[in-house]
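Numbering (UniProt numbering), first residue to last: 1 to 113.
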């Protein structure tokens, strides 16, 4: 998962797996950015999201019941975003979730070494 998430799926999960059954107000870190971006840009990228449930979730369902993001296959979804939708990594949502520097804590040596 390259320079964005060195070390692969483990670090992706550390940053993006912070969805909450409380819905959007409980989402943190990369989960917050991914959810907000996905809903705002659903026409362009919703089909890149991979769901672990019995069936894919429709944007209208998830917009009304944001806790459905807890069913997202985070590692596969982020991998697809990296490969097919680079705009996420340059989005305001991504910048905001990284603004406090917490992302750097995933691997200080890699980012600050």
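Glycine included, every Cβ here is placed at the ideal spot set by N, Cα and C.
So, at 8 Å on beta carbons, what are the nonlocal neighbours of residue i in its own chain, with the 5 sequence-adjacent residues on each side left out?
i           : result
residue 108 : none
residue 52  : 71, 72 and 73
Our contact map puts residue i next to residue j with C-beta atoms below 8 Å; I'd like the distance itself, whole angstroms only.
i          : j          : result
residue 63 : residue 39 : 6 Å
residue 91 : residue 48 : No, residue 91 and residue 48 are not in contact; Cβ-Cβ is about 14 Å, not under 8 Å.
Does the Cβ of residue i have 16 or more other Cβ atoms within 10 Å, making it buried, or fewer, making it exposed?
i          : result
residue 2  : Residue placement at residue 2 cannot be trusted, given a pLDDT of 45 that sits under 50; what the coordinates show is reported in the next sentence. The residue is exposed, with fewer than 16 neighbouring Cβ atoms inside 10 Å.
residue 93 : buried
residue 83 : exposed
residue 99 : exposed
residue 36 : buried
residue 97 : buried
Using C-beta distances below 7 Å, list every residue in its chain close to residue i, excluding the 5 sequence neighbours before and after it, in chain order.
i           : result
residue 86  : none
residue 106 : 11, 14 and 15
Less than 9 Å between the C-beta atoms of residue i and residue j, yes or no?
i          : j           : result
residue 19 : residue 67  : yes
residue 29 : residue 103 : yes
residue 33 : residue 69  : no
CB of residue i to nearest heavy atom of the ligand MN: below 8 Å?
i          : result
residue 68 : As for the ligand MN, it is missing from this structure, which has no ligand bound.
Pair every Cβ in the stretch 23 to 33 with every Cβ in the stretch 50 to 62, then say whether three or more of these pairs are closer than 8 Å. no
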